[in-house]
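Have a look at the structure below, then the notes.
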Amino acid sequence: MPLIGLNATCMHSRPGFRNSGVSVYARNLIKALLEEPDPEHEYVVFCNADFDPASLPALARARLIFSPAPGDSPWRRVAWEQSGLALAAEESEIDVLHGLLNVSPLLSGCRQVVTVHDLTYLTTPGAHPWRRRVWLGVAGRWSLRRAAAVLVDSASTGRDLVEFQNADPDRLVVAYPGLDPDLRGAVDSRSLERFRLREDVPERFLLYLGTIEPRKNLDRLIAAFARLVGRGYPGRLVIAGGAGWGGVDVRGLAGDAGVADRLLLPGYVSESDKPLWYSSAEGFVYPSAYEGFGLPVLEAMACGTPVAAADNSSLPEVVGDAGLLFDPNNIDSMVAALEKICNNSNPIQSLSRKGRRRAREFTWAETARCACRAYRMALSS
Numbered sequence: 049m050p051l052i053g054l055n056a057t058c059m060h061s062r063p064g065f066r067n068s069g070v071s072v073y074a075r076n077l078i079k080a081l082l083e084e085p086d087p088e089h090e091y092v093v094f095c096n097a098d099f100d101p102a103s104l105p106a107l108a109r110a111r112l113i114f115s116p117a118p119g120d121s122p123w124r125r126v127a128w129e130q131s132g133l134a135l136a137a138e139e140s141e142i143d144v145l146h147g148l149l150n151v152s153p154l155l156s157g158c159r160q161v162v163t164v165h166d167l168t169y170l171t172t173p174g175a176h177p178w179r180r181r182v183w184l185g186v187a188g189r190w191s192l193r194r195a196a197a198v199l200v201d202s203a204s205t206g207r208d209l210v211e212f213q214n215a216d217p218d219r220l221v222v223a224y225p226g227l228d229p230d231l232r233g234a235v236d237s238r239s240l241e242r243f244r245l246r247e248d249v250p251e252r253f254l255l256y257l258g259t260i261e262p263r264k265n266l267d268r269l270i271a272a273f274a275r276l277v278g279r280g281y282p283g284r285l286v287i288a289g290g291a292g293w294g295g296v297d298v299r300g301l302a303g304d305a306g307v308a309d310r311l312l313l314p315g316y317v318s319e320s321d322k323p324l325w326y327s328s329a330e331g332f333v334y335p336s337a338y339e340g341f342g343l344p345v346l347e348a349m350a351c352g353t354p355v356a357a358a359d360n361s362s363l364p365e366v367v368g369d370a371g372l373l374f375d376p377n378n379i380d381s382m383v384a385a386l387e388k389i390c391n392n393s394n395p396i397q398s399l400s401r402k403g404r405r406r407a408r409e410f411t412w413a414e415t416a417r418c419a420c421r422a423y424r425m426a427l428s429s
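Quick note: to get the working numbering, add 48 to the position in the sequence shown (first position is 1).
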């Protein structure tokens with residue numbers, strides 16, 4: 049049986065780690081691969097030094113190799129990936145090495161698959177420090193040339209790879225991320241009531257949940273919310289999530305717009321609290337300037353929360369006809385979408401049902417099947 053190496057040094061077991069999106073991707077994909085009922089591959093999983101295998105029981109079905117680099121040191125992780133990982137893969141006689149975070153070891157001699165989540169370092173370069181832009185520009189392009197197959201989170205990211213990196217479309221495999229099973233069921237009313245009391249959740253509010261950074265377009269969201277308040281909206285705006293690179297003075301923006309008293313900032317939200325926030329909100333808004341996939345949009349739809357999202361990059365692929373789309377550069381367009389949600393008309397109520405149905409189409413089992421297709425492409429190359 050072919051041996052697949054999974055570079056999961058981006059995966060973390062500590063709650064609250066701010067770079068959670070990629071870690072969630074790695075955990076769920078690995079779990080789905082290792083729990084396949086009829087596996088066609090064996091796996092070696094490369095983990096960071098402080099990863100706790102007990103946090104992912106499915107790892108008992110794989111061989112683990114630990115990097116000496118801790119998970120909270122990105123540049124030490126990168127240094128080991130480009131040296132120690134290549135050597136460990138060769139010593140382990142791996143048939144295909146899969147890099148789960150945009151790049152792969154440049155000097156490794158084994159066949160490679162790489163997952164490219166997005167090209168934000170090219171499409172929105174201001175969202176990254178210059179060192180990261182330079183590194184991803186060099187290593188990302190080289191990894192793309194070396195890879196026998198490339199997994200992308202959306203068709204939008206695939207088109208970007210062809211346009212910006214001259215990628216071979218025949219080597220691209222669209223593998224939409226799946227949905228966490230904990231977000232598929234309805235939240236019971238008792239848990240929701242306890243949560244509302246614990247967090248002092250307002251009766252009516254619009255929710256943004258994601259990294260707080262310039263690329264997320266939160267300045268325009270706050271401006272749109274201020275107009276909504278000026279037209280009589282009585283609720284609040286909750287901006288939840290950890291701080292990303294670049295920083296956004298959300299409180300200052302709300303103060304300048306005259307809605308500081310309507311803003312709630314709960315900070316980083318744990319995975320267990322996510323469905324409670326989504327289910328409590330009357331609407332979820334995602335105004336991001338660019339997304340490789342946009343997992344929070346899918347999570348909100350799964351919880352039955354009406355969604356309004358930016359009409360760009362991958363977001364229309366995720367939303368389909370189960371949400372509202374707006375021009376993220378046009379505040380009037382954003383306000384119009386939010387007003388429709390707040391009016392709670394019959395068409396908006398139908399979005400809740402459509403969103404749940406749409407979310408059920410995204411499964412990690414299907415993501416794993418797409419990954420296995422990429423492995424077969426690499427093995428036959």
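Backbone N, C-alpha and C fix where the C-beta goes; we use that ideal spot for every residue, glycine too.
Bear in mind that the values here come from a model prediction, so they are computed numbers and not experimental data.
Open item on the list: In the DSSP output, which residue or residues are listed as bridge partners for T163?
Closed with: Numbered from its first residue, the sequence shown carries residue 163 at position 115. DSSP lists L199 as partners of T163.
Open item on the list: With the cut-off set at 8 Å, would you say V345 and Y338 are in Cβ contact?
Closed with: Start at 1 with the first residue of the sequence shown, and residue 345 comes out as number 297. Start at 1 with the first residue of the sequence shown, and residue 338 comes out as number 290. Cβ distance not < 8 Å, so V345 and Y338 don't count as in contact.
TODO: For P217, count neighbouring Cβ atoms within 10 angstroms of its own Cβ and tell me buried if that reaches 16, exposed if not.
DONE: Counting from 1 along the sequence shown, the entry for residue 217 is found at position 169. Counting Cβ neighbours within 10 Å, P217 comes out exposed, since fewer than 16 surround it.
TODO: Measuring alpha carbon to alpha carbon, tell me which of P282, G226, P177 ends up nearest L81.
DONE: One-based indexing of the sequence shown puts residue 81 at position 33. The residue with the shortest Cα to Cα distance from L81 is G226.
Task: Where C95 falls: helix, strand or coil (DSSP) - done: If you number the sequence shown from 1, residue 95 lands on position 47. In the structure shown, C95 falls within a strand segment according to DSSP collapsed to helix, strand and coil.
Task: 6 Å Cβ shell around A272 - same chain, five flanking residues per side excluded - done: Taking the sequence shown and counting its residues from 1, one reaches residue 272 at position 224. Excluding positions up to five away in sequence, the list reads I379, M382, V383.
TODO: Go ahead and pull the three-state DSSP assignment for Y73.
DONE: Position 25 of the sequence shown, counted from the first residue, corresponds to residue 73. Here Y73 sits in helix by DSSP.
- [ ] Under 8 Å Cβ to Cβ from W412, same chain only, skipping five residues before and after it: list those, please.
- [x] Numbered from its first residue, the sequence shown carries residue 412 at position 364. Cβ neighbours of W412 beyond the five flanking positions: N76, L77, K79, A80, P225, G226, L227.
Open item on the list: Would C95 and S115 be called neighbours here (beta carbons separated by less than 8 Å)?
Closed with: Residue numbering aside, residue 95 sits at position 47 when the sequence shown is read from its first letter. Residue numbering aside, residue 115 sits at position 67 when the sequence shown is read from its first letter. At a Cβ-Cβ threshold of 8 Å, C95 and S115 count as neighbours.
- [ ] Jot down the residue ranges of each uninterrupted alpha helix (DSSP H) in the stretch 400-425, minimum 4 residues, whole runs only, in chain order.
- [x] Within the stretch 400-425, no complete alpha helix (DSSP H) run reaches 4 residues.
- [ ] For V286, count neighbouring C-beta atoms within 10 Å of its own C-beta (all shown protein chains included) and say buried if the count is 16 or more, exposed if not.
- [x] Within the sequence shown, residue 286 is the residue found at index 238, counting from 1. Buried.
Task: Contact check, I270 vs G292, beta carbons under 8 Å - done: In the sequence shown, residue 270 corresponds to position 222, counting from 1. In the sequence shown, residue 292 corresponds to position 244, counting from 1. Cβ atoms of I270 and G292: not closer than 8 Å.
TODO: Can you check the stretch 318-370 for any beta strand (DSSP E) of at least 3 residues that lies completely inside it and give the ranges in chain order?
DONE: As far as the stretch 318-370 is concerned, its whole beta strand (DSSP E) runs of at least 3 residues are 331-334, 355-358.
- [ ] Pull up the distance between the alpha-carbon of E83 and that of P323, whole angstroms please.
- [x] Counting from 1 along the sequence shown, the entry for residue 83 is found at position 35. Counting from 1 along the sequence shown, the entry for residue 323 is found at position 275. Spanning the two alpha carbons is a distance of roughly 25 Å.
- [ ] Please name the residue, chosen from G300, P376, M59, G340, that lies closest to L107 on a Cα-to-Cα basis.
- [x] Position 59 of the sequence shown, counted from the start, is the residue given in the question as residue 107. When each option's Cα is compared against that of L107, the closest is M59.
Open item on the list: Applying the 10 Å Cβ sphere with the 16-neighbour rule, what's the burial state of V162?
Closed with: Within the sequence shown, residue 162 is the residue found at index 114, counting from 1. V162 comes out buried.
Open item on the list: So if DSSP puts R284 in a beta bridge, which residue, or which two residues, is it bridged to?
Closed with: Residue numbering aside, residue 284 sits at position 236 when the sequence shown is read from its first letter. DSSP output for R284 lists F253 as bridge partner(s).
Task: Top-ranked residue by Cα proximity to N265, from Y326, V221, S239, A175 - done: Here the question's residue 265 lines up with position 217 in the sequence shown. Ranking the options by Cα distance to N265, first place goes to A175.
Open item on the list: Distance check for L170 and E414, CA to CA, integer angstroms please.
Closed with: Walking along the sequence shown from the start, residue 414 turns up at place 366. Walking along the sequence shown from the start, residue 170 turns up at place 122. Computed Cα separation, rounded: 29 Å.
Task: Inter-residue spacing [alpha-carbon to alpha-carbon] between E347 and L231 - done: Stepping through the sequence shown from its first residue, residue 347 is reached at position 299. Stepping through the sequence shown from its first residue, residue 231 is reached at position 183. Roughly 7 Å separates the two Cα atoms.
Open item on the list: Measuring only the C-alpha atoms, how far is R66 from G315?
Closed with: Within the sequence shown, residue 66 is the residue found at index 18, counting from 1. Within the sequence shown, residue 315 is the residue found at index 267, counting from 1. Residue confidence for R66 is low, a pLDDT of 48 falling below 50, so the modelled location carries little weight and cannot support an answer.
- [ ] Spatial neighbours of S103 within its chain, please: CB distance less than 6 Å, with the 5 preceding and 5 following residues excluded, ordered by chain position.
- [x] Taking the first residue of the sequence shown as 1, we reach residue 103 at position 55. Close CB contacts of S103 within its chain, under the 6 Å cut and outside five residues either way in sequence, are with S61 (chain order).
Open item on the list: Measuring alpha carbon to alpha carbon, tell me which residue in A195, L220, A196, A197 is nearest R207.
Closed with: In the sequence shown, residue 207 corresponds to position 159, counting from 1. Nearest C-alpha to R207: L220.
- [ ] With a threshold of 16 other CB atoms inside 10 Å of the CB of V151, please say whether the residue is buried or exposed.
- [x] Counting from one through the sequence shown, the residue named residue 151 turns up at place 103. With 16 or more other Cβ atoms from the protein chains shown falling within 10 Å of its own Cβ, V151 counts as buried.
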